[in-house]
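Report on one structure; see the data block that follows.
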Amino acid sequence: MATTSTSSRPAVGVLFIIAGALALLTLLFAYVAPGSLPSWLPPFTSLALGVGLLLMGLSRSMNLLERVAFIVGAVGWLLLGINGLVGGLGALVTVALILALVGSLAAGILVWTHSTFTRSTNLWFLIAMIVAAVFLLNQLLPFAAGVIATLLVLLFGASLVIAGFFILRRK
Numbered sequence: 514m515a516t517t518s519t520s521s522r523p524a525v526g527v528l529f530i531i532a533g534a535l536a537l538l539t540l541l542f543a544y545v546a547p548g549s550l551p552s553w554l555p556p557f558t559s560l561a562l563g564v565g566l567l568l569m570g571l572s573r574s575m576n577l578l579e580r581v582a583f584i585v586g587a588v589g590w591l592l593l594g595i596n597g598l599v600g601g602l603g604a605l606v607t608v609a610l611i612l613a614l615v616g617s618l619a620a621g622i623l624v625w626t627h628s629t630f631t632r633s634t635n636l637w638f639l640i641a642m643i644v645a646a647v648f649l650l651n652q653l654l655p656f657a658a659g660v661i662a663t664l665l666v667l668l669f670g671a672s673l674v675i676a677g678f679f680i681l682r683r684k
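Residue numbers (our numbering): 514 to 684.
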């Protein structure tokens, strides 16, 4: 098993934890004080996840296919974050959703198959990226509403936090 020791690994773990915490905070605001939900929370979730994936994509310790998957996912998440902050991306939002979905899912699968981290970290990273892909798919083609959508956001945030802690953890 080839484990990755990149200098950006701690930053990636922290960014995943921040993204997950922001997603959970958004969910909390939506239920506790819906009128006071800060408009920057959801875009910053996407931006934190995008920067984390970008750092992984720029890492030299991964093969080319993994790096491409990370960068594709990062571009999608970053575009979603930018659209949330300034708006006006129009049809590019659909492209961003597809890029984030495909890149995240491919990155999760490639991390698992190439044993990028330790076994448990690979598993949690894969789970987080699968949940992220389902979360994005629900935004692209809404299929979940109400309690199911709430559970999806809860799983999204929690899986990112757990994956972030595992990424931070050393062997």
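All C-beta atoms, glycine included, are put in the ideal place defined by N, C-alpha and C.
*Under three-state DSSP, which class holds Gly533?*
helix
*Could you give the distance in angstroms between the alpha-carbon of Ala646 and the alpha-carbon of Ala613?*
8 Å
*CA-CA distance, Thr558 and Trp625?*
24 Å
*Drop a sphere of 10 angstroms on the beta-carbon of Phe656, count the other beta-carbons inside from all chains shown, and report buried for 16 or more, exposed for fewer.*
exposed
*asked:* Quick check on the burial criterion: 16 or more other C-beta atoms within 10 angstroms. Buried or exposed for Gly600?
replied: exposed
*Going by beta carbon distance, what residues of the same chain come within less than 6 Å of Leu562, once the five residues before and after it are set aside?*
Ala532, Trp590
_Would Gly594 and Pro556 be called neighbours here (beta carbons separated by less than 8 Å)?_
yes
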